[in-house]
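Q: Pasting a structure below so you can have a look.
Numbering (this note's numbering), first residue to last: 299 to 733.
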């Protein structure tokens with residue numbers, strides 16, 4: 299029997315929560331015909347009453363239990379972020395047989411197996427399009443549109459904050475601290491941006507995409523993570539002006555002969571590749587399947603309305619299922635708990651590398667560096683040695699591009715070179731991604 303109205307409860311009235319309310323109101327005339335029912339906002343919840351729009355104060359609750367235990371609510375929208383109480387909210391709603399929509403990448407990445415096991419056990423559903431890529435429908439793409447493929451690689455610009463910072467460094471020649479300040483001023487970075495700039499947010503998102511694509515829980519702790527704090531303006535300029543590359547923080551999952559390589563770190567991307575044109579808060583994801591080959595999705599990865607667009611699309615899909623009586627009959631995600639997939643650390647990454655050394659200015663330095671690289675099976679493709687003396691450090695930069703090499707081999711060579719009397723600072727190395 300079709301319902302005349304679908305009742306929803308929103309927990310979390312931050313930027314995304316308020317955006318969802320705004321979008322539901324603004325696009326009501328387009329949304330409701332798509333589900334053949336009314337969408338009714340029955341309850342809203344937040345720790346701070348001041349966040350609640352005045353017109354919704356009569357349905358405001360300060361505690362989430364009122365929302366998830368209300369028998370009249372059909373769909374629970376969890377938008378508070380963080381691990382707790384978000385995990386408990388989601389699990390309680392599922393045990394009450396209420397479908398859940400969430401944008402919470404941290405709780406999904408860290409409690410994937412528990413959440414989807416509970417959803418299946420209680421014949422309920424979790425939809426999470428807004429957890430990765432903002433307004434980009436990448437979850438639907440992997441789980442539905444490309445479901446007939448075996449995937450070999452997923453690579454993406456998955457964090458709007460870091461992409462904004464790196465874009466400003468590359469295009470406006472700002473140093474890292476200045477670019478971060480501008481990102482905070484524009485609202486693209488939090489007051490405490492560690493989760494973003496350290497690569498943690500990207501790792502959570504990569505874990506979600508990988509878990510979905512390979513049908514097994516990929517824990518974020520299995521991902522090798524390096525943030526963007528070490529990117530200097532000197533390297534941005536060298537990479538751009540001398541070699542035609544721009545830096546991007548990428549999440550990479552790739553099937554190799556040894557297992558699934560999982561890496562989050564800054565890569566250099568050729569200015570000939572579309573990823574190099576993905577600027578500021580925009581995200582991009584490239585998915586490779588054995589039937590479709592490569593698919594690239596691009597869109598706004600940050601902001602209230604792109605995320606709200608993804609949340610509302612999930613609400614619509616769930617409302618249709620509720621109205622047709624199918625909700626919970628088929629799981630949206632069904633991890634294979636018996637499946638084993640070996641994960642591979644970043645030391646196994648094979649790529650060309652950009653290297654920068656700050657050394658004393660005397661003959662024989664380059665041959666010494668070359669010798670250590672050669673003994674670690676790292677061969678040199680090109681050398682740049684035209685930069686002026688760094689008076690403060692009494693050092694000159696030597697920039698080297700390598701042929702494809704194993705990161706583990708390169709790291710061993712760099713550790714030895716760093717200890718030599720010729721070295722003035724820790725060597726910088728950035729992999730160059732080849733698509």
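Ideal placement from N, C-alpha and C gives every residue a C-beta, glycine not left out. Quick caveat: nothing in here was measured; it's all calculated off a predicted structure.
#1: DSSP state of residue 503, grouped into three classes?
#2: So, at 6 Å on beta carbons, what are the nonlocal neighbours of residue 461 in its own chain, with the 5 sequence-adjacent residues on each side left out?
#3: Exposed or buried, which one is residue 725 when buried takes at least 16 other CB atoms within 10 Å?
#4: How big is the Cα-Cα spacing for residue 453 and residue 666?
#5: Below 8 Å on the Cβ atoms is my contact criterion, and I expect residue 339 with residue 357 to pass it. Report the Cβ-Cβ distance as a whole number of Å.
#6: Please name the residue, chosen from 720, 646, 574, that lies closest to residue 709 on a Cα-to-Cα basis.
#7: Along the alpha helix (DSSP H) that carries residue 658, what are the first and last residues, could you check?
#8: Taking residue 610 as part of the beta strand (DSSP E), name the residues at either end of that continuous run.
#9: Assuming residue 757 and residue 600 make a contact with CB atoms under 8 Å, what is their CB distance in whole Å?
#10: Using DSSP with H/G/I as helix, E/B as strand and the rest coil, what is residue 398?
#11: On the three-state DSSP scale, how would you describe residue 554?
#12: In chain order, which beta strand (DSSP E) runs of at least 3 residues are fully inside the stretch 444–473?
#13: Are residue 631 and residue 510 closer than 8 Å when you measure CB to CB?
#14: Less than 8 Å separating the beta-carbons of residue 314 and residue 711?
#15: Check the C-beta distance from residue 362 over to residue 515 and give it rounded, since I have them as a contact under 8 Å.
#16: Quick check: the stretch 374–389 against the stretch 305–324, are at least 3 beta-carbon pairs closer than 8 Å?
#17: Taking the C-alpha atoms as reference points, what is the distance between residue 473 and residue 463?
#18: Measuring CB to CB, does residue 557 end up less than 8 Å from residue 580?
#19: Judging by CA-CA distance, which residue of 402, 698, 415, 323 is the nearest neighbour of residue 431?
#20: When you compare only the Cα positions, how much space is there between residue 717 and residue 657?
#21: Count the other CB atoms within 10 Å of the CB of residue 673; is the residue buried (16 or more) or exposed (fewer)?
#22: Indicate the three-state DSSP secondary structure (helix, strand or coil) for residue 675 in the structure shown.
#23: In or out: residue 255 buried (at least 16 other Cβ within 10 Å) or exposed?
#24: Please name the residue in 706, 617, 427, 694 whose C-alpha comes closest to that of residue 651.
#25: So, does the stretch 559–573 touch the stretch 523–542, judging by three or more C-beta pairs under 8 Å?
#26: Pick from 617, 681, 594: whose alpha carbon is nearest that of residue 733?
A: The structure says:
#1: In the chain shown, the residue the question calls residue 503 occupies position 205. If DSSP states are grouped into helix, strand and coil, residue 503 belongs with the helices.
#2: Start at 1 with the first residue of the chain shown, and residue 461 comes out as number 163. Cβ neighbours of residue 461 beyond the five flanking positions: 455.
#3: Numbered from its first residue, the chain shown carries residue 725 at position 427. By the neighbour-count rule (16 or more Cβ atoms within 10 Å), residue 725 is buried.
#4: One-based indexing of the chain shown puts residue 453 at position 155. One-based indexing of the chain shown puts residue 666 at position 368. Their backbone Cα atoms lie some 36 Å apart in a straight line.
#5: The residue given as residue 339 occupies position 41 in the chain shown. The residue given as residue 357 occupies position 59 in the chain shown. With a Cβ gap of about 7 Å, residue 339 and residue 357 count as contacting.
#6: For the purposes of this step, residue 709 is taken as residue 411 along the chain shown, with counting starting at 1. Checked all of 720, 646, 574; the closest Cα to residue 709 is 646.
#7: Indexing the chain shown from 1 puts residue 658 at position 360. That residue, residue 658, is in no alpha helix (DSSP H); it is neither H nor E in DSSP.
#8: Within the chain shown, numbered from 1, the residue matching residue 610 stands at position 312. No beta strand (DSSP E) holds residue 610; the alpha helix (DSSP H) holding it covers 602–622.
#9: The chain is shown from 299 up to 733; residue 757 falls before or after that span and cannot be answered.
#10: Against the chain shown, residue 398 aligns to sequence position 100. Strand, per DSSP.
#11: As a working mapping, residue 554 is identified with position 256 in the chain shown. Of the three classes helix, strand and coil, the one that applies to residue 554 here is strand, per DSSP.
#12: 449–455
#13: Position 333 of the chain shown, counting from 1, holds the residue named residue 631. Position 212 of the chain shown, counting from 1, holds the residue named residue 510. The answer is yes: Cβ separation under 8 Å.
#14: Taking the first residue of the chain shown as position 1, residue 314 is located at position 16. Taking the first residue of the chain shown as position 1, residue 711 is located at position 413. Not a contact, by the Cβ cut-off of 8 Å.
#15: On the chain shown, position 64 is the one that residue 362 refers to. On the chain shown, position 217 is the one that residue 515 refers to. Contact doesn't hold; Cβ gap of about 26 Å is too wide.
#16: Touching, yes.
#17: For the purposes of this step, residue 473 is identified with residue 175 of the chain shown, where counting begins at 1. For the purposes of this step, residue 463 is identified with residue 165 of the chain shown, where counting begins at 1. The straight-line gap from Cα to Cα measures roughly 9 Å.
#18: The residue you call residue 557 lines up with position 259 of the chain shown. The residue you call residue 580 lines up with position 282 of the chain shown. Cβ distance not < 8 Å, so residue 557 and residue 580 don't count as in contact.
#19: Here residue 431 refers to the residue found at position 133 when the chain shown is read from its first residue. Answer by Cα proximity: 402.
#20: Position 419 of the chain shown, counted from the start, is the residue given in the question as residue 717. Position 359 of the chain shown, counted from the start, is the residue given in the question as residue 657. Distance between the alpha carbons of residue 717 and residue 657 is about 12 Å.
#21: Here residue 673 refers to the residue found at position 375 when the chain shown is read from its first residue. Looking at its Cβ environment, which holds fewer than 16 other Cβ atoms inside 10 Å, residue 673 is exposed.
#22: Residue numbering aside, residue 675 sits at position 377 when the chain shown is read from its first letter. If DSSP states are grouped into helix, strand and coil, residue 675 belongs with coil.
#23: Because the chain in this structure spans residues 299 to 733, residue 255 falls outside the shown range and cannot be described.
#24: Numbered from 1 along the chain shown, position 353 holds the residue referred to as residue 651. That would be 706, whose Cα lies nearest to the Cα of residue 651.
#25: yes
#26: Counting from one through the chain shown, the residue named residue 733 turns up at place 435. Comparing Cα positions, the closest option is 594.
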